[in-house]
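Below is one structure, written out as structure tokens; comments come after it.
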Amino acid sequence: MQSPCLKEVSEVCLSSCCPAPLFKLSAHHDAMSKSRSTSAACRRDFAATTSSSIFPNTQFTNHESLPSLQESFSDFIKVYPRYQETALVDQIRAQEYYHLSQSNHTCLDYIGIGLFSSSQLHKQESSSQLNSDFPFFSISYKTGNLKTQLLHGGQESELESAMRNRIMDFLNISANDYSMVFTANRTSAFKLVAESYPYKTSRKLLTVYDYESEAVEGMINNSEKRGAKVMSAEFSWPRLRIQSAKLRKMVVSKRKKKKKRGLFVFPVHSRITGSRYPYVWMTMAQENGWHVLVDACALGPKDMDSFGLSLFQPDFLISSFYKIYGENPSGFACLFVKKSAISSLESSTSTGIVNLVPAKKLLQIAGDSSGTDTELEQISRLGLQLDALGTASSFSGLISNHTTQTRRLEREGYESAEEGANRTGLETSEIRELETHANLIKDKNSRSSRNGDSLEVVCRGLDQVDSLGLMMITNRARYLINWLVSSLRKLKHPNTEGFPLVKIYGPKIKFDRGPALAFNVFDWKGEKKRKGES
């Protein structure tokens, strides 16, 4: 039977869906206190109802005792009846991700790694005359100065401008407050900050992670080489809670003089255990003279809607779009820097910044007689093999006109197929194929120019998330992850007085836990199972 608070808990204000930030407003203090008290009671009731209602008084000691899928789902709906309000998610999965059902596979790695849809691999726009598998863009590495790039920008393609606008709109980040660069991945973004941060005057680096991260380790190594004093938050075992007293001691300054102490790297919540961290740590760090870097890579698809960016205004924010735009390229990351913080950065030449290279430029490099050997080698590095144009599409939607929603890519000055073959060493037939694509693009561009349409980017994956909204995504994830945690805790070894099969690290059943789960499987002797063992 559903608890009376379960409905209310799904409708509470956005700030109650995650750790409540500290507001310094006193006008509505009493009302807010009452709201928080009600919210806290509902959260406790949610956890209690989940614990007592999912397979109550039951332990599963062998596979034959496990309930059927139909029986489990029926019980699941009784506990979380509002799950049925998220049916639109199931529709999108059936339409866009049907390849998972066809292959009889389940993807469990949703944290930090986007799952590309079938439509990204098999375009079905009947109006398009282009090869449906032709990639829309790739990424090109460049060496540059992060501070200069942020202050003055660079030569930006129409595609990059459109992508930048779409991403900032999706994340609710204002171009008036933040500058952005595309980076190769999350690790590159952290590296860029480490190589430009002014450790000579702000000596400390303080990180808050309950797991080992390649990106953070890279940042630590680069920072130490530049003279930084590195500190890390400590966590209790096995719940992996922040040891608040120790972290507070590291964050709070004993000096009254407001001097920038260093860089505070805050992940909002753990992408491994699902732990969510109170936003008060950001406020505390800012009040004690720290620059704040928010690692948003583990946030849910619409979590930025409730993050309160305008309230906290971190100096740096990193977000990853790995595989969001398809397999080739696998994606990129974005580094956002608050404009008021740019002046504090040091000038340094770094790698990791990338350009998004439109398909039309790749074709020009491949087919233009003025193309250099270096440019041709660049195509090889980008992974676009000219004799294998049937690679997976690298975009989740279209580069399209505002009115016709058809692809618009420029193309000018192609050499003949024979000249291209002589210059590039490719077969004439392969160059002809490129030329055919080029002519189609040029024809489409000519028609679009006459219509006076402007370029826009259609990102199917981001549009799907926008259509679902924060509450639907958050509630669905909350129901599923707490059901999973509760169910795993029901698995026991036979004849061992209920010795658990699974040990969970981090938060257990909890209203505001994240959708990630860290656990180990143990045998009947209490020894941890290794990967691959049965």
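8 is the number of the first residue of the sequence shown in the numbering used here; add one for each residue after it. Don't be surprised by glycine CBs; every beta carbon is placed ideally from N, CA and C.
Here serine 60 has Val86 as same chain residues with Cβ atoms under 7 Å from its own Cβ, once five neighbours each way along the sequence are excluded.
Taking C-beta separations shorter than 8 Å and ignoring five residues to either side along the sequence, the partners of glutamine 91 in its chain run Ile84, following chain order. According to DSSP, asparagine 152 shares a beta bridge with Thr356. DSSP, reduced to helix, strand and coil, places alanine 525 within a strand of the structure shown. Judged by beta-carbon spacing, isoleucine 227 lies beyond the 8 Å limit of valine 215, meaning their Cβ atoms are not closer than that value. DSSP lists His276 as the bridge partner or partners of arginine 283. Pairing aspartate 312 with phenylalanine 529, the inter-Cα distance amounts to about 39 Å. Secondary-structure assignment with DSSP links isoleucine 146 through a beta bridge to Leu363.
Excluding residues up to 5 positions away in sequence, Ala222, Cys304, Ile325, Ser327 and Ala340 lie with their Cβ nearer than 7 Å to the Cβ of arginine 193 in the same chain. In terms of Cβ geometry, leucine 212 and leucine 166 do not form a close pair [threshold 8 Å].
Alanine 303 sits in coil when the DSSP states are folded into three classes, being neither helix nor strand. Per the C-alpha coordinates, the member of Ser282, Phe319, Phe314 and Gly307 positioned closest to glutamine 293 is Phe319. In this structure, lysine 346 sits near tyrosine 185, with a CB-CB distance shorter than 8 Å. Taken through DSSP and simplified to helix, strand or coil, proline 74 comes out as coil. Taking the Cα positions, valine 188 is about 26 Å away from threonine 290. DSSP, read as helix, strand or coil, puts cysteine 341 in strand. Leaving aside the five residues that flank glutamine 471 on each side, the residues in its chain whose CB is nearer than 6 Å to its CB run, in chain order, Ile99. Threonine 68: not part of any alpha helix (DSSP H); DSSP gives it neither H nor E.
Using a Cβ-Cβ distance cut-off of 8 Å, the segment 237-249 and the segment 171-180 are not in contact, since fewer than three pairs of beta carbons, one from each stretch, lie closer than that value.
Assigned with DSSP and collapsed to three states, leucine 178 falls in coil, not helix or strand. Restricting attention to Asn527, Thr208, Lys499 and Arg278, the CA atom closest to the CA of leucine 73 is found in Lys499. The segment 488-504 and the segment 240-257 do not touch, with fewer than 3 CB-CB distances between them shorter than 8 Å. Annotated three-state conformation of histidine 112 is coil, per DSSP. Cβ contact annotation for methionine 175 (same chain, cutoff 7 Å, sequence separation greater than five): Ala182 and Met187, in chain order.
Secondary structure at isoleucine 488: helix, using DSSP grouped into helix, strand and coil.
Residue burial annotation: tyrosine 105 is exposed, with fewer than 16 other C-beta atoms found within 10 angstroms of its C-beta. Rounded to the nearest whole angstrom, the CA to CA distance from threonine 93 to isoleucine 480 is 8 Å. Residue range 509-512 is occupied by the beta strand (DSSP E) that includes isoleucine 511. In this structure, lysine 149 and isoleucine 360 form a Cβ contact; the two beta carbons are roughly 6 Å apart against a cut-off of 8 Å.
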